[in-house]
Amino acid sequence: MEGGNHHDHGAAGRTMVLKITRRAIWLLTMVVLLGHIMMWIMMPTMVYWKTWLPTMESGLNSTFFGFQGSNLLVHTTPVLFIAVAGSVYLHLGKMLSNNGENRELGAKKNRWGGWMRRSMFLEGPLGIVSRMEVAFVVMFVGLVVWSFSTYLHVGFSLLSPLQIHDDGGKL
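Note that this note's numbering has the sequence shown beginning at 1055, numbered continuously upward.
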């Protein structure tokens, strides 16, 4: 009897460690994702081009990456980190569900945001999509339009008449 109880405490402790590890990975991933989104929001602004980018370029100009080091850091590293962390997170979740510990999590998922998961029927090449997918597409298009328009605005504001004349153009 004593050995069985000891085994149960070990399994419960392991389950708790897995849950805490998953929460820590999720929190760290959210921090990295929010930082990456912040970089995308700040990228078309003057603060990014005049302050942040020169600082990053001076610190990341290596012989291997060259002047592309800052672009690799800003665009590639967060996405790769989120992919690896997500893979570990899902693996730990699979370990939890094998133990039967993840059933209550599934019940919570079905109650929260159920209306966003319902299908919407759209004619055309999309077929059946959920409201959440439509919302994310609309937000993504809005971010792309805002980012591009701000990029053009900042880019054209940096041009001076003297600079255009020196390049052989007319104002």
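Built from N, CA and C at the ideal position, the CB exists for glycine as well.
Asked, Found
"Rounded distance between the beta-carbons of T1099 and T1204, thought under 8 Å", "7 Å"
"Range covered by the alpha helix (DSSP H) that runs through V1199", "1185-1211"
"Nearest-angstrom Cα separation, counted from G1209 out to F1135", "31 Å"
"V1142 to M1149 span [Cα, whole Å]", "11 Å"
"Own chain, CB closer than 7 Å to E1155, minus 5 neighbours either side, in chain order", "For E1155, the pLDDT reaches just 49, beneath the cut-off of 50, and the residue's location in the model is therefore unreliable, although a value from the coordinates is still provided. Cβ neighbours of E1155 beyond the five flanking positions: T1069."
"Cβ pair count under 8 Å reaching 3, the region 1125-1134 against the region 1077-1095", "yes"
"Alpha-carbon spacing of K1073 relative to A1066, whole angstroms", "11 Å"
"Straight-line gap, W1103 to M1096 (C-alpha atoms, nearest Å)", "9 Å"
"Beta-carbon gap between S1201 and W1094 smaller than 8 Å", "yes"
"Same chain only: Cβ atoms within 6 Å of M1226, ignoring 5 sequence neighbours per side", "Residue 1226 is absent from the model: the chain starts at 1055 and stops at 1225."
"Residue-chain proximity (P1098, chain B), Cβ-Cβ < 8 Å", "Looking for chain B here will not work: only one protein chain is present."
"For L1206 and Q1122, the rounded distance between their alpha carbons", "21 Å"
"Rounded separation between L1081 and L1146 - CA only", "15 Å"
"Through-space distance from V1101 to S1112, alpha-carbon basis", "16 Å"
"C-beta atoms of A1139 and I1079 nearer than 8 Å", "yes"
"Residue from V1195, V1188, G1196, L1144 whose Cα sits closest to the Cα of T1075", "L1144"
"C-alpha distance - L1197 paired with V1071, whole-angstrom precision", "38 Å"
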